[in-house]
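Student:
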Amino acid sequence: MTKGRLTRQELGWLLTQEAQGAAERLRKGVQVLRTQVEAPAADPTVDDSLEALEGAVRVLSNMHQKVAPTPSRRGRIDVAALLWELSPDARVQIEPGTGTEVYGDESELRRMLHVLVDHGGGAGASVSVRGDGDEVRIAMTLGPDTSSTAETERQWLSRMAVRYGGRVELEGGHEVLTLRADDASERAERERLTRELEEARKQGAVVARELAQVLEHNESPDSILPAMAPSAEGGGAWARLAGGVAAELRALLGPLTRDLTALREVAGEERTEPLRRRLSACHDLAATLAVASEASTSELSSTFDLVEQVNHALAVLEGRAERCGVKVELSGSPSESVRALPKASQLLVRELIAQAIDATPAGASVTVSVDAVPGGVRLTVSDAGASLPAAMRGPFVRLEVEPGTCGRASALPLHVCAEVAQIIGIAMEFGDAPSGLRVSARFSR
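In our numbering, each residue's number is its place in the sequence shown (first place is 1) plus 1.
#1: So what's L389 in DSSP terms, helix, strand or just coil?
#2: Check T258 in the structure and name its three-state DSSP category.
#3: Cα separation between A201 and L212?
#4: Between G235 and the rest of its own chain, which residues show a CB-CB distance below 7 Å, the 5 nearest in sequence each way excluded?
#5: Could you tell me if the beta carbon of A419 falls within a distance shorter than 8 Å of some heavy atom in the ligand SAH?
#6: So, under 8 Å CB-CB, A162 and R168 are touching, yes? Tell me the CB distance rounded to an integer number of Å.
#7: What's the call for D359, buried or exposed, on a 16-neighbour Cβ count within 10 Å?
#8: Once you ignore the five residues that flank A489 on each side, which residues in its own chain have a CB closer than 6 Å to its CB?
#9: Under the three-state reduction of DSSP, which class applies to V327: helix, strand or coil?
#10: With a threshold of 16 other CB atoms inside 10 Å of the CB of Q32, please say whether the residue is buried or exposed.
#11: What residues in its chain sit with their C-beta under 6 Å from that of S411, if we drop five residues either side in the sequence?
#12: Given this structure, state the Cα-to-Cα distance separating E170 from R138, to the nearest angstrom.
#13: Any idea which residues DSSP pairs F305 with across the strands?
#14: Evaluate contact between the stretch 381-392 and the stretch 259-270, counting only Cβ atoms and requiring at least three cross-stretch pairs below 8 Å.
#15: Would you please state the rounded distance, in angstroms, between the beta carbons of V440 and H416? I believe it to be under 8 Å.
#16: Determine the direct distance from the alpha carbon of V329 to that of H218, and round the result to whole angstroms.
#17: Can we say the stretch 362-380 touches the stretch 429-443, given the rule of at least three CB pairs closer than 8 Å?
#18: Where L257 and A385 are concerned, what is the direct C-alpha to C-alpha distance, given to the nearest angstrom?
#19: Would you say R202 faces chain C, with C-beta separation under 9 Å as the test?
#20: Measuring CB to CB, does E337 end up less than 9 Å from V371?
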């Protein structure tokens with residue numbers, strides 16, 4: 002009993018006790034009257050009425066006896082429906098929007114709402130229920146009177162709200178009970194799964210691209226630059242242009258070399274070493290252009306040993322390989338005779354090995370092999386630099402893309418090799434080496 006008001010259960014129990022007491026007093030009074038006044042005959046209707054009254058009292062008493070409690074329902078509970086059930090006369094305002102369901106034990110939520118409604122004055126109290134994101138807010142307008150147990154009840158209500166992930170607050174003339182909405186955990190789980198799905202989709206896209214590159218590298222055929230009939234006019238103009246640029250570069254680099262030598266004596270070798278490496282790269286570029294200018298279409302074809310030319314090129318490039326920290330390995334046949342332009346072929350062999358040395362990082366190796374194939378001899382040079390996808394090999398050799406986007410320092414050496422191969426009239430193949438790029442030139446016998 003709270004605030005002097007009886008609940009329906011308490012009122013029924015009191016009525017049962019009053020009925021039992023009244024029936025007992027009535028029976029005793031009838032017995033006293035029977036002993037004091039002797040009637041000629043007892044009225045059977047009085048006994049029947051008393052028996053009926055006792056039966057009604059027993060039935061009423063049994064109805065309000067304490068029975069074994071039924072297990073409370075636990076799950077998704079609608080707070081607004083519980084409020085309507087507890088206080089039908091309360092003025093309930095339900096704002097549209099998210100749901101008013103929470104997850105918990107129905108009996109516990111019922112007691113919590115019963116205490117909250119009692120703080121608002123019981124029947125006729127004003128209460129509003131609305132969903133606020135991941136929470137359900139029940140705001141009760143406090144009544145004019147306060148019981149002595151209100152503070153204790155509010156502490157109990159606060160502890161129960163914390164158990165359900167909520168809180169109890171006093172805002173002006175309102176007592177607000179905030180509970181975690183039932184779909185809050187589902188929404189958080191859905192957002193988490195969405196983020197994981199997005200991450201998996203991104204990772205899948207990365208794996209798909211890598212797998213496509215692997216399949217492209219493993220399954221795509223080698224890119225072939227076919228042999229073309231040498232053009233005297235085009236080849237001569239290209240050779241003259243390359244020779245002119247090489248001469249200009251050498252004229253510009255000569256004084257810089259002398260200045261760098263003088264600067265090394267003043268600043269020290271450690272500070273001038275980066276400049277020396279860049280200057281050496283410029284000299285290599287001039288040498289590459291000079292190689293292109295030396296190729297001539299007027300040269301006559303003859304038979305020569307391709308392995309001998311490879312050994313000569315390795316001897317010439319031995320110093321460059323040592324400076325770069327690259328090891329060059331030769332394999333294949335000990336001797337293979339081919340028929341082609343000897344001078345242009347020597348330039349092609351030397352430039353193929355030189356570009357492989359420049360593209361290979363220090364500590365790695367370049368593999369050169371000469372093998373007999375049906376109809377001719379194939380020279381293969383494999384470096385340990387960045388590999389080229391099949392779709393990028395042609396544009397890279399034709400100088401149509403930026404070399405840095407493909408992970409290689411320069412595309413000019415391969416372009417020069419392709420031009421010299423066209424002057425000779427042989428085909429070139431580009432493929433994937435075990436750790437870099439493989440370039441092959443097929444000579445005829």
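Ideal Cβ placement from N, Cα and C applies to all residues, glycine included.
Tutor: The short version:
#1: The answer is coil: DSSP assigns L389 none of H, G, I, E or B.
#2: The three-state reading of DSSP puts T258 in helix, counting H, G and I together.
#3: If you draw a straight line from the Cα of A201 to the Cα of L212, it is about 16 Å long.
#4: With a pLDDT of 48 at G235, under the threshold of 50, the modelled position of that residue is not reliable, and the figure given next carries that caveat. Hits under 7 Å: none found.
#5: The model depicted lacks the ligand SAH and carries no ligand whatsoever.
#6: With a Cβ gap of about 5 Å, A162 and R168 count as contacting.
#7: Label assigned to D359: buried.
#8: Here the chain comprises residues numbered 2 to 446, so residue 489 is not present and cannot be evaluated.
#9: Three-state DSSP puts V327 in coil, outside helix and strand.
#10: Around the beta carbon of Q32, fewer than 16 other beta carbons lie within 10 angstroms, which makes this residue exposed.
#11: Correct list, in chain order: P404.
#12: Taking the straight line joining both Cα atoms gives about 10 Å.
#13: According to DSSP, F305 shares a beta bridge with V339.
#14: Contact between the stretch 381-392 and the stretch 259-270 is not established, with fewer than three Cβ pairs separated by less than 8 Å.
#15: With 8 Å as the limit, V440 and H416 do not qualify as a contact, their Cβ atoms being about 12 Å apart.
#16: In this predicted model, H218 has a pLDDT of only 48, less than 50, meaning its place in the structure is not dependable enough to derive any value.
#17: Enough Cβ pairs lie closer than 8 Å, so yes.
#18: If I take the Cα positions, the gap works out to 32 Å.
#19: Going by chain labels, chain C is absent from the structure shown, which holds only one protein chain.
#20: Yes. Within cutoff.
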